[in-house]
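A.B. asks: Below is one structure. I have some questions about it.
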Amino acid sequence: MSEQSENRRQVETLHGLEVTETAVVITVTSNGCTDKDDFEIEVQKSLPPIATFIRVQPDFCEAVPHSVDISFSLKEVGAAEFKVGNPFRPGPRQLSR
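Per numbering that gives the first Met the number 0, the sequence shown starts with residue 0, numbered consecutively.
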């Protein structure tokens, strides 16, 4: 990994999190160009494991900031029961569809 891409990696602030029987949905801020490929999950081995959602590609678009949901399978997270290493804070509204 290059130094430039390492500098772009940041722990994402989450606005919400939902866990179902098959998936984890995180709510994050988007400026118009955020998608699932912009994130990686780092899992710290512990009991239970700690999953941290890392933004690896910044969203440089210029739309009005809004919240979006990004879904990962539990297989992608690597555990059905886990703690979350990300900070949480209220975020902007989701855009109407």
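Using N, Cα and C, we set each Cβ at its ideal position, and we do this for glycine too.
On the CB-based measure, 16 or more other CB atoms within 10 Å of its CB, does Val-23 come out buried or exposed?
C.D. replies: What you label residue 23 is simply residue 24 of the sequence shown in a count that begins at 1. Per the 10 Å Cβ criterion, buried.
A.B. asks: Val-42 bridges to which residues according to DSSP?
C.D. replies: By 1-based counting over the sequence shown, the position of residue 42 is 43. Answer by DSSP bridge pairing, in chain order: Ala-50.
A.B. asks: Counting beta carbon pairs with one atom in the region 53-61 and one in the region 69-79, are three or more of them shorter than 8 Å?
C.D. replies: Taking 8 Å as the limit for Cβ pairs, the verdict is that the region 53-61 does not touch the region 69-79.
A.B. asks: Could you give the residue range of the beta strand (DSSP E) that holds Val-76?
C.D. replies: The residue labelled residue 76 in the question sits at position 77 within the sequence shown. No beta strand (DSSP E) holds Val-76; the alpha helix (DSSP H) holding it covers 73-76.
A.B. asks: Should Val-27 go down as buried or exposed, given a rule of 16 or more other Cβ atoms within 10 Å for buried?
C.D. replies: Locating residue 27 in the sequence shown gives position 28, counting from the first residue. So Val-27 ends up on the buried side.
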